[in-house]
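Q:
There are 2 protein chains.
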Amino acid sequence: MLGSAYPQQDCSLAGALEIVGERWTLLIVRDAFYGVQRFSELQAHLDIPKAVLADRLEGLVGHGILARRPDPEHGGRHLYELTAAGRDLWPVIHSLVTWGNRHGRANSRLFRHAACDTELAADGSCPACALTPPPQDVITAPRPRHRGARREDPVAVALREPHRLLTRL
Amino acid sequence: MLGSAYPQQDCSLAGALEIVGERWTLLIVRDAFYGVQRFSELQAHLDIPKAVLADRLEGLVGHGILARRPDPEHGGRHLYELTAAGRDLWPVIHSLVTWGNRHGRANSRLFRHAACDTELAADGSCPACALTPPPQDVITAPRPRHRGARREDPVAVALREPHRLLTRL
DNA sequence: CACACAGGTTCAATGATCAGACCCATCTCG
DNA sequence: CGAGATGGGTCTGATCATTGAACCTGTGTG
Numbered sequence: 051m052l053g054s055a056y057p058q059q060d061c062s063l064a065g066a067l068e069i070v071g072e073r074w075t076l077l078i079v080r081d082a083f084y085g086v087q088r089f090s091e092l093q094a095h096l097d098i099p100k101a102v103l104a105d106r107l108e109g110l111v112g113h114g115i116l117a118r119r120p121d122p123e124h125g126g127r128h129l130y131e132l133t134a135a136g137r138d139l140w141p142v143i144h145s146l147v148t149w150g151n152r153h154g155r156a157n158s159r160l161f162r163h164a165a166c167d168t169e170l171a172a173d174g175s176c177p178a179c180a181l182t183p184p185p186q187d188v189i190t191a192p193r194p195r196h197r198g199a200r201r202e203d204p205v206a207v208a209l210r211e212p213h214r215l216l217t218r219l
Numbered sequence: 051m052l053g054s055a056y057p058q059q060d061c062s063l064a065g066a067l068e069i070v071g072e073r074w075t076l077l078i079v080r081d082a083f084y085g086v087q088r089f090s091e092l093q094a095h096l097d098i099p100k101a102v103l104a105d106r107l108e109g110l111v112g113h114g115i116l117a118r119r120p121d122p123e124h125g126g127r128h129l130y131e132l133t134a135a136g137r138d139l140w141p142v143i144h145s146l147v148t149w150g151n152r153h154g155r156a157n158s159r160l161f162r163h164a165a166c167d168t169e170l171a172a173d174g175s176c177p178a179c180a181l182t183p184p185p186q187d188v189i190t191a192p193r194p195r196h197r198g199a200r201r202e203d204p205v206a207v208a209l210r211e212p213h214r215l216l217t218r219l
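Protein sequences appear in the order of chains X and U.
With the working numbering applied, the first sequence closes on residue 219, and no number is skipped along the way.
With the working numbering applied, the second sequence closes on residue 219, and no number is skipped along the way.
#1: Where does the unbroken alpha helix (DSSP H) through alanine 64 of chain X begin, and where does it stop?
#2: In terms of DSSP beta bridges, what is glutamate 169 of chain X paired with?
#3: Answer yes or no: do proline 57 of chain X and aspartate 81 of chain U have a C-beta to C-beta separation smaller than 9 Å?
#4: For chain X, check one thing: does any of its Cβ atoms lie closer than 9 Å to the Cβ of aspartate 173 of chain U?
#5: Leaving aside the five residues before and after histidine 212 of chain X along the sequence, list all residues of the same chain whose C-beta is less than 6 Å from its C-beta, in chain order.
#6: Tryptophan 140 of chain U: which of U:Thr168, U:His128, U:Cys166 and U:Ser175 sits nearest, CA to CA?
#7: Between the C-alpha atoms of leucine 35 of chain U and valine 142 of chain U, what's the straight-line distance to the nearest angstrom?
#8: Taking proline 120 of chain U as the reference, give the member of U:Gln93, U:Val102, U:Val147 and U:Leu129 with the closest Cα.
#9: Glycine 150 of chain U and glycine 65 of chain X: beta carbons closer than 9 Å?
#10: Just the chain X side, please: which residues come within less than 8 Å of arginine 201 of chain U by C-beta, in chain order?
#11: Counting contacts by CB-CB distance shorter than 9 Å, is leucine 132 of chain X in contact with chain U?
#12: Could you check the C-alpha separation between alanine 135 of chain X and histidine 124 of chain U for me, to the nearest Å?
#13: Within this structure, are the beta carbons of leucine 146 of chain X and leucine 132 of chain X separated by less than 9 Å?
#14: For glutamine 59 of chain U, count the other beta carbons within 10 Å of its own beta carbon; 16 or more makes it buried, fewer makes it exposed. Which is it?
#15: Name, please, each residue of chain U whose Cβ falls closer than 9 Å to the Cβ of serine 158 of chain X.
#16: Would you tell me roughly how many angstroms separate the C-alpha atoms of proline 177 of chain U and proline 99 of chain X, rounded to the nearest one?
#17: Using the Cα positions of arginine 73 of chain X and arginine 118 of chain X, report the straight-line distance between them to the nearest angstrom.
#18: For phenylalanine 161 of chain X, which residues from the same chain have a beta carbon less than 6 Å from its beta carbon, with the 5 sequence-adjacent residues on both sides left out?
#19: Can you confirm whether glutamate 68 of chain X, when its beta carbon is compared against all beta carbons of chain U, has any partner nearer than 9 Å?
#20: DSSP three-state label for methionine 51 of chain U, please.
#21: According to the Cβ coordinates, are histidine 95 of chain U and proline 204 of chain U closer than 9 Å?
#22: If you follow the beta strand (DSSP E) that glutamate 131 of chain U is in, where does it begin and where does it stop?
#23: Identify the continuous alpha helix (DSSP H) that holds leucine 116 of chain U and give its terminal residues.
#24: What span of residues does the alpha helix (DSSP H) with glycine 141 of chain X cover, start to end?
#25: Among the candidates U:Gly154, U:Pro183, U:Thr75 and U:Arg201, whose CA atom is the shortest distance from the CA of threonine 168 of chain U?
#26: Does any residue of chain U bring its CB to less than 9 Å from the CB of leucine 116 of chain X?
#27: Looking at the secondary structure, which residues open and close the beta strand (DSSP E) in which isoleucine 189 of chain U lies?
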C-alpha cells in the first residue's frame, strides 16, 4: 500500500490498516491461521513474488503480529508463527471471510466449533454453545461438493482435510 | 491495490479483499457508517486525492456497497449511501477498530449500544443485552479526555458530538 | 565435491498513487 | 443578467510500490 500510512487520521482503523491493510498482508495472516509457517509454503500457496513476501513478513514481524524463530528441523531456515496480537486478528479474518461469502465469490471453506462441530455464525460465535470460540478451537474444512480452481501446491493439498486452526500443517 | 486481484485464490477472503482491500476503501466505508454522504466531505475528512476518491467511489458503487443518488437539495450533486451489502461490512470495520485499539494507536472514538448506552464488546456484541446490535443501533462518540491531532474539517467537527451510525451528519 | 533447495536480494519494467492544474455545471450575490 | 464561488470531477507529470526473472548464499544430500 502506497506510503503505508494515513497521516492525520486520528483513528484506530487507520492505525490498523497501516499495519494489515497492505496488499497480501491479510492473506499471509490467513495462511498463518491455517498453520502455514514456512516462507516457501506461503510463496507457493499465494503466488506472491518473493520480494513482496519477504517485505510483508518483515513488516508483520516488526509489528509483532508474526514471530520468526529458527526451524529446529532445518538449520538456516525459519518458522513464522502468529503472536498473541496476531491471533487477535481472528475476528477480522472471520468477518471478512463471512462477508465475502455472502456478497462476493462464495467461499470454498467453512469453519466449525471443534467442541460441538457446529458451523460458526457470522459474528464468529457458536450458535449451539452461545460463546465465541478462540481460533485454536475452530476447525476449517473444504466446503462439500465445492469445485474451485484446484490448486496443487502442498498447502492446498493439505487443506483438503479438515484442520484445526493454528496447528502446524 | 495493484492489480486489484488475487488470481487463483479460491477463497472468499481474497474475493472480499479485491473489493474492499484497496488503499482508502475501508476508510471511505467507515465514514459512510458515520453518516458522511458527500464527495467534498469525504475529501476534506480523509485528505485523499480527488482522483483516487472518485476511483474508489466508482468501485464501491460498482460492487454494490455504496449507492449513488441525486442530492435533492442541490442539483447536479450526488449523495453516497451504504447499501445492505455495505452495512454488512460493519463487523469488519468494528473488528478492525477494536484490534487497532488494542494493538496499534489507541482509538479516539468509542461505540455504545443505543438502547442501553453500554460500550460494545470486542466482537461487536452488547455485554448488557447479550445481542449484537446492528449499526443503526450503535452510537459513536469521541473518547473522553482524548487529545488527538485536532482536525477542523466539517466532518471532524460534527463528530465531536455523539452520533448514531448511518444517520446523516 | 557436486548438486539441489530454502530463503532471500537485486534489477528493469509496469502500474498505482499523488499534488496540482484544469474544467464544467449549478448556485449566490450584486 | 453577469461574476464569482462551490461541488464534483478529469488530466498530467513525478513519485513510489509491485512484479517476474535473475542472481546470491548457506545448508543438507548423494
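Heads up, the beta-carbon is just placed ideally off N, CA and C, and yes, glycines get one too.
Since the structure is predicted, the reported quantities are computational estimates derived from the model, not experimental observations.
A: Put simply:
#1: 62-70 is the span of the alpha helix (DSSP H), which, as asked, contains alanine 64 of chain X.
#2: Partner(s): X:Arg162.
#3: No, they are not a contact pair.
#4: At least one C-beta of chain X is nearer than 9 Å to the C-beta of aspartate 173 of chain U.
#5: Reading the sequence as shown, one finds proline at residue 212 of chain X and not histidine. The beta carbon of proline 212 of chain X sits closer than 6 Å to those of Ile189 and Ala191, all from its chain and outside the five residues before and after it, given in chain order.
#6: Of the candidates U:Thr168, U:His128, U:Cys166 and U:Ser175, the residue whose Cα lies closest to the Cα of tryptophan 140 of chain U is U:Ser175.
#7: For residue 35 of chain U there is no data in the structure shown, the boundaries of chain U being 51 and 219.
#8: Residue U:Leu129 is the option with its Cα nearest to proline 120 of chain U.
#9: Cβ distance < 9 Å, so glycine 150 of chain U and glycine 65 of chain X count as in contact.
#10: The answer, in chain order, is Gln58 and Asp60.
#11: No, because no Cβ of chain U sits closer than 9 Å to the Cβ of leucine 132 of chain X.
#12: Computed Cα separation, rounded: 47 Å.
#13: In terms of Cβ geometry, leucine 146 of chain X and leucine 132 of chain X do not form a close pair [threshold 9 Å].
#14: Around the Cβ of glutamine 59 of chain U, a 10 Å sphere holds 16 or more other Cβ atoms; the residue is buried.
#15: What serine 158 of chain X touches in chain U: Asp60, Cys61 and Ser62.
#16: Taking the straight line joining both Cα atoms gives about 44 Å.
#17: Taking the straight line from one Cα to the other gives about 21 Å.
#18: In chain order, Leu170, Val188 and Thr190 place their CB closer than 6 Å to the CB of phenylalanine 161 of chain X, counting only its own chain and leaving out the 5 sequence neighbours on each side.
#19: Yes, its Cβ sits closer than 9 Å to a Cβ of chain U.
#20: The pLDDT assigned to methionine 51 of chain U is 49, lower than 50, so where the model puts this residue is not dependable, and the model offers no usable value.
#21: In contact: histidine 95 of chain U and proline 204 of chain U (Cβ atoms closer than 9 Å).
#22: It spans 128-132 - the beta strand (DSSP E) in which glutamate 131 of chain U sits, taken as one unbroken run.
#23: No alpha helix (DSSP H) holds leucine 116 of chain U; the beta strand (DSSP E) holding it covers 116-120.
#24: First, the residue type needs correcting, since residue 141 of chain X is proline and not glycine in the sequence shown. Element bounds for proline 141 of chain X: 140-153.
#25: Minimum Cα distance to threonine 168 of chain U is reached at U:Pro183.
#26: Chain U contact via Cβ: absent.
#27: In the DSSP assignment, isoleucine 189 of chain U falls within the beta strand (DSSP E) that extends over 188-192.
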